[in-house]
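A quick write-up on the structure given underneath.
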Amino acid sequence: MKYSRQRELILRTVQEHPIHPTADDVYAMLKQTEPNLSLGTVYRNLNFLADHKMIRKILVPNASDRFDGMMDDHHHMLCTQCGEIFDLEHDLAEELSKEILQNTGFQMNRCGLMVLGICAHCRKESLIPATELRNKI
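Going left to right, the sequence shown walks through residues 1 to 137 as this note's numbering numbers them.
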């Protein structure tokens, strides 16, 4: 892989910001210090880095893709109110793998889970009980 200073900056930005940034977020973070950087360059490099397994691309329904610098196996939670993505570090995959194998005979090799719901902050802001919010998802 050919070295690129801009690619290195983009990689480091994603790795250092656990907010799961979009390409627009990365561009905004770097634009002040890198005035020659274009949004197209950011998109191309993020996709290149994801294709080469240096970062993870998170596909978000009806929204811009997000990027994650944490390459350890983990899952994500997406707040359907504010759009924030949170890491879910509890390893549910092992339990799920056993249950799938037992019930279907299917051997799971890898699992990527996106849990949709409403984060604690949005629940607090809305002052609606969690049981009522469950019906809104």
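Glycine is no exception: its CB is placed at the ideal position from the N, C-alpha and C atoms.
None of these values were measured; they are calculated from a predicted model.
Tell me the rounded alpha-carbon separation between Phe86 and Arg56.
Here residue 86 is taken as the residue at index 86 of the sequence shown, counted from 1. Here residue 56 is taken as the residue at index 56 of the sequence shown, counted from 1. About 14 Å.
Buried versus exposed, by CB contacts within 10 Å (16 or more), Ile137
Taking the first residue of the sequence shown as position 1, residue 137 is located at position 137. Because Ile137 carries a pLDDT of 49, less than 50, the predicted location of this residue cannot be relied on, and no value is offered for it.
Ignore the nearest five residues each way along the sequence and tell me which others in Pro21's own chain have a CB closer than 8 Å to its CB.
Start at 1 with the first residue of the sequence shown, and residue 21 comes out as number 21. Sequence-distant Cβ neighbours of Pro21 in its own chain, meaning closer than 8 Å and more than five residues away, are Thr13, Val14, Met29, Arg66 and Phe67.
Secondary structure of Arg44, DSSP reduced to three states:
As a position in the sequence shown, residue 44 is number 44, starting the count at 1. Helix at Arg44.
Could you tell me the distance, in whole angstroms, from the CA atom of Cys79 to the CA atom of Leu116?
Counted from its first residue, the sequence shown places residue 79 at position 79. Counted from its first residue, the sequence shown places residue 116 at position 116. One C-alpha to the other measures close to 6 Å.
Whose C-alpha, out of Pro18, Met1, Arg123 and Phe106, is nearest the C-alpha of Met71?
The residue given as residue 71 occupies position 71 in the sequence shown. Taking only the C-alpha atoms, the option nearest Met71 is Pro18.
So Asp25 is in the alpha helix (DSSP H); what residue range does that whole segment cover?
As a position in the sequence shown, residue 25 is number 25, starting the count at 1. Ala23 to Lys31 is the span of the alpha helix (DSSP H), which, as asked, contains Asp25.
Check Ile137 in the structure and name its three-state DSSP category.
Translated into the one-based positions of the sequence shown, residue 137 becomes position 137. Residue placement at Ile137 is flagged as unreliable, the pLDDT there being 49, under the threshold of 50; the coordinate-derived value follows with that caveat. The answer is coil: DSSP assigns Ile137 none of H, G, I, E or B.
Identify whether Arg12 lies in helix, strand or coil by the three-state DSSP scheme.
For the purposes of this step, residue 12 is identified with residue 12 of the sequence shown, where counting begins at 1. Note: Arg12 maps to helix in three-state DSSP.
Let me know the secondary structure DSSP gives Ile100 once reduced to three states.
The count along the sequence shown starts at 1 and reaches residue 100 at position 100. Helix at Ile100.
Rounded to whole angstroms, what is the Cα-Cα separation between Leu11 and Leu96?
As a working note, residue 11 is residue 11 in the sequence shown. As a working note, residue 96 is residue 96 in the sequence shown. Approximately 32 Å between the Cα atoms of the pair.
Could you tell me which uninterrupted alpha helix (DSSP H) segments, each at least 4 residues in length, are contained entirely in the region 70 to 114, listed from first to last along the chain?
93 to 104
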